[in-house]
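S.K.: In our numbering, each residue carries its 1-based index in the sequence shown increased by 39.
Glycine included, each C-beta is placed from N, C-alpha and C at the ideal position.
Fair warning: this is a prediction, and the values are worked out from it, not measured in the lab.
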Amino acid sequence: MSNITRRAIVGGALAAPLALAGTRPARAAEFQLKLGNNVPPAHPMNVHLDVAARRIREATDGRVELSLFPSSQLGSDTDMLSQLRSGALEMFCCSGLILSTLVPVASINGVGFAFKDYAQVWPAMDGKLGALVRAEIAKRGITAMERIWDNGFRNVTNSVRPIAKPEDLAGLKIRVPVSPLWTSMFQALGASPASINFNEVYSALQTHVVDGQENPMVVVDTAKLYEVQRYLSLTKHMWDGYWPLANTRALERLKPQDQAMVVDELNRAALEQRADAEKLNNELGHKLQALGMQFNDVDPAPFREKLIAAGFYRDWRRKYGDVAWGVLAEASGGGLP
Numbered sequence: 040m041s042n043i044t045r046r047a048i049v050g051g052a053l054a055a056p057l058a059l060a061g062t063r064p065a066r067a068a069e070f071q072l073k074l075g076n077n078v079p080p081a082h083p084m085n086v087h088l089d090v091a092a093r094r095i096r097e098a099t100d101g102r103v104e105l106s107l108f109p110s111s112q113l114g115s116d117t118d119m120l121s122q123l124r125s126g127a128l129e130m131f132c133c134s135g136l137i138l139s140t141l142v143p144v145a146s147i148n149g150v151g152f153a154f155k156d157y158a159q160v161w162p163a164m165d166g167k168l169g170a171l172v173r174a175e176i177a178k179r180g181i182t183a184m185e186r187i188w189d190n191g192f193r194n195v196t197n198s199v200r201p202i203a204k205p206e207d208l209a210g211l212k213i214r215v216p217v218s219p220l221w222t223s224m225f226q227a228l229g230a231s232p233a234s235i236n237f238n239e240v241y242s243a244l245q246t247h248v249v250d251g252q253e254n255p256m257v258v259v260d261t262a263k264l265y266e267v268q269r270y271l272s273l274t275k276h277m278w279d280g281y282w283p284l285a286n287t288r289a290l291e292r293l294k295p296q297d298q299a300m301v302v303d304e305l306n307r308a309a310l311e312q313r314a315d316a317e318k319l320n321n322e323l324g325h326k327l328q329a330l331g332m333q334f335n336d337v338d339p340a341p342f343r344e345k346l347i348a349a350g351f352y353r354d355w356r357r358k359y360g361d362v363a364w365g366v367l368a369e370a371s372g373g374g375l376p
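1. In whole angstroms, what separates the C-alpha of W364 from that of A227?
2. When you compare only the Cα positions, how much space is there between A348 and K178?
3. Would you mind reading off the limits of the beta strand (DSSP E) that contains Y270?
4. Considering only C-alpha positions, which residue in the set K212, L305 and R357 is nearest to M84?
5. From the DSSP output, in three-state form, read off D213 for me.
6. Using DSSP with H/G/I as helix, E/B as strand and the rest coil, what is T196?
7. Check whether chain D comes within 8 Å of L211, counting only Cβ atoms and requiring the distance to be less than that.
8. Using only alpha-carbon positions, find the residue among L284, L72, P339 and L330 that is nearest to E185.
9. Assuming contact is defined by CB atoms lying nearer than 8 Å, are V258 and V78 in contact in what I supplied?
10. How do the region 135-155 and the region 216-224 stand: do at least 3 beta-carbon pairs fall below 8 Å, yes or no?
11. Is T182 helix, strand or coil when you go by DSSP?
12. In the structure shown, what three-state DSSP assignment does S218 receive?
13. When DSSP labels each residue in this structure, what does S110 get in the three-state scheme?
14. Looking at the secondary structure, which residues open and close the beta strand (DSSP E) in which P232 lies?
15. Applying the criterion that 16 or more other CB atoms from any shown protein chain within 10 Å of the CB defines a buried residue, is L330 buried or exposed?
16. Kindly indicate which three-state DSSP category S371 falls into: helix, strand or coil?
17. Based on Cα-Cα distance, which residue from G101, A81 and L113 lies nearest to L74?
18. Can you find the residues in the same chain that come closer than 8 Å, C-beta to C-beta, to Q328, ignoring five residues on each side of it along the sequence?
19. Expressed to the nearest angstrom, what Euclidean distance is found between the alpha-carbon atoms of R352 and V362?
20. If you count every other CB in all the chains shown that lies within 10 Å of the CB of K294, and 16 or more means buried, which is it?
21. Ignore the nearest five residues each way along the sequence and tell me which others in L141's own chain have a CB closer than 7 Å to its CB.
22. Taking contact to mean 3 or more Cβ pairs, one atom from each stretch, closer than 8 Å, check whether the region 153-166 and the region 94-107 are in contact.
23. Between A67, A309 and M332, which lies nearest to S198 when the distance is taken from Cα to Cα?
24. Give the C-beta separation of E104 and A163 to the nearest angstrom, bearing in mind that I take them to be a contact with Cβ-Cβ under 8 Å.
Structure representation (structure tokens):
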């Protein structure tokens with residue numbers, strides 16, 4: 040585990056753009072890899088990406104330098120995905136649900152209420168389900184690392200009322216990322232979803248373009264969404280993670296031993312980040328309540344029943360195909376219809 044303190048993670052001590060830790064080697068790097076993402080520097084992913092960048096530079100004797108660009112500095116998720124495909128951006132960390140606009144099956148981990156807890160998530164994403172998704176990503180000229188990074192279980196926040204049952208979502212304008220699965224799920228639940236890239240979320244909430252949004256607590260905290268949201272309902276309606284992605288052509292320009300080092304260090308850092316992200320998401324409730332947010336627990340059963348009645352699971356099983364759906368159903372312990 041890195042020696043970066045908890046205060047650095049939750050207090051925003053790492054400012055954007057992230058400065059690489061350690062002492063820069065005397066000679067210039069042979070390969071510069073730019074990595075973009077949409078979360079603030081204080082998010083556990085960027086904290087641990089910074090550690091991985093230092094390790095990569097040291098392990099390659101300065102031949103490879105990974106430069107981090109958090110907080111959508113290189114553009115929206117849609118922009119960065121396009122840059123990754125063209126090779127203008129060598130690496131990009133994004134949710135599989137965002138990636139699904141290019142690789143449809145990449146959103147499968149976000150099927151509503153598929154996973155109850157991390158005891159189901161990690162065997163699935165480190166096992167057959169993750170392998171299935173990575174194989175499809177590879178067909179688009181993109182390499183996904185073996186270990187997906189944790190974002191957490193997502194909860195609904197809004198500025199209007201607590202969400203305790205599906206009927207409470209009726210008519211609420213909920214920001215969702217640009218992903219068909221998210222839009223479909225919230226429509227099935229009776230809300231009015233609006234697809235907005237994350238770099239525009241705070242202002243959309245502040246100006247009441249939308250009433251609410253949904254994210255893990257660590258994002259609510261690090262992006263200061265508690266300043267513009269009052270109610271946090273513990274829906275835990277989907278688990279979400281970040282795939283570290285590389286333009287395959289760019290990665291293959293590195294020497295084989297350096298390629299292996301980059302992949303190994305990113306996978307190593309992912310396991311460390313998972314522990315921090317889960318701990319933070321479990322601890323942040325007290326902090327967010329102290330900052331003025333009102334929490335309420337949620338029984339997932341009525342929400343799942345609403346999705347069944349609306350044909351949500353039937354439609355997405357048809358879109359993903361029986362093979363992929365079967366892998367997901369097995370990973371969820373039979374919790375899907």
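M.R.: Judging by the given coordinates:
1. What you label residue 364 is simply residue 325 of the sequence shown in a count that begins at 1. What you label residue 227 is simply residue 188 of the sequence shown in a count that begins at 1. One C-alpha to the other measures close to 19 Å.
2. For the purposes of this step, residue 348 is identified with residue 309 of the sequence shown, where counting begins at 1. For the purposes of this step, residue 178 is identified with residue 139 of the sequence shown, where counting begins at 1. Roughly 35 Å separates the two Cα atoms.
3. If you number the sequence shown from 1, residue 270 lands on position 231. Per DSSP, Y270 belongs to the beta strand (DSSP E) from Y270 to N286.
4. Sequence index remark: in the sequence shown, residue 84 carries index 45 (1-based). Among K212, L305 and R357, the Cα nearest to that of M84 is on L305.
5. The residue given as residue 213 occupies position 174 in the sequence shown. Note that residue 213 corresponds to Ile in the displayed sequence, not to Asp. It is a strand residue.
6. For this step, residue 196 is matched to residue 157 along the sequence shown. The answer is strand: DSSP assigns T196 an E or B state.
7. No chain D is part of this structure, which consists of one protein chain only.
8. Position 146 of the sequence shown, counted from the first residue, corresponds to residue 185. For E185, the nearest C-alpha among the options comes from L284.
9. Stepping through the sequence shown from its first residue, residue 258 is reached at position 219. Stepping through the sequence shown from its first residue, residue 78 is reached at position 39. Taking 8 Å as the Cβ cut-off, V258 and V78 qualify as a contacting pair.
10. yes
11. Counted from its first residue, the sequence shown places residue 182 at position 143. Looking at T182 - three-state DSSP - the assignment turns out to be strand.
12. Start at 1 with the first residue of the sequence shown, and residue 218 comes out as number 179. Correct three-state label for S218: coil.
13. Along the sequence shown, read from residue 1 onward, the residue named residue 110 stands at position 71. Note: S110 maps to coil in three-state DSSP.
14. Taking the sequence shown and counting its residues from 1, the one referred to as residue 232 is at position 193. S231 to S234 is the span of the beta strand (DSSP E), which, as asked, contains P232.
15. Within the sequence shown, numbered from 1, the residue matching residue 330 stands at position 291. The residue in question, L330, is exposed, as its Cβ has fewer than 16 Cβ neighbours within 10 Å.
16. Along the sequence shown, one-based indexing puts residue 371 at 332. Coil, per DSSP.
17. Start at 1 with the first residue of the sequence shown, and residue 74 comes out as number 35. Looking at the Cα atoms, L113 is the closest of the given residues.
18. Start at 1 with the first residue of the sequence shown, and residue 328 comes out as number 289. Excluding residues within five positions, the ones whose Cβ falls inside 8 Å are F334.
19. Here residue 352 is taken as the residue at index 313 of the sequence shown, counted from 1. Here residue 362 is taken as the residue at index 323 of the sequence shown, counted from 1. For clarity, residue 352 is Tyr in the given sequence; the question names Arg instead. In this model, Y352 and V362 are separated by some 15 Å (Cα to Cα).
20. For the purposes of this step, residue 294 is identified with residue 255 of the sequence shown, where counting begins at 1. The residue is exposed, with fewer than 16 neighbouring Cβ atoms inside 10 Å.
21. Here residue 141 refers to the residue found at position 102 when the sequence shown is read from its first residue. The residues are L120 and R179.
22. Contact fails between the region 153-166 and the region 94-107, because fewer than three Cβ pairs, one in each stretch, are under 8 Å apart.
23. Residue numbering aside, residue 198 sits at position 159 when the sequence shown is read from its first letter. Closest by alpha carbon: M332.
24. As a position in the sequence shown, residue 104 is number 65, starting the count at 1. As a position in the sequence shown, residue 163 is number 124, starting the count at 1. With a Cβ gap of about 34 Å, E104 and A163 do not count as contacting.
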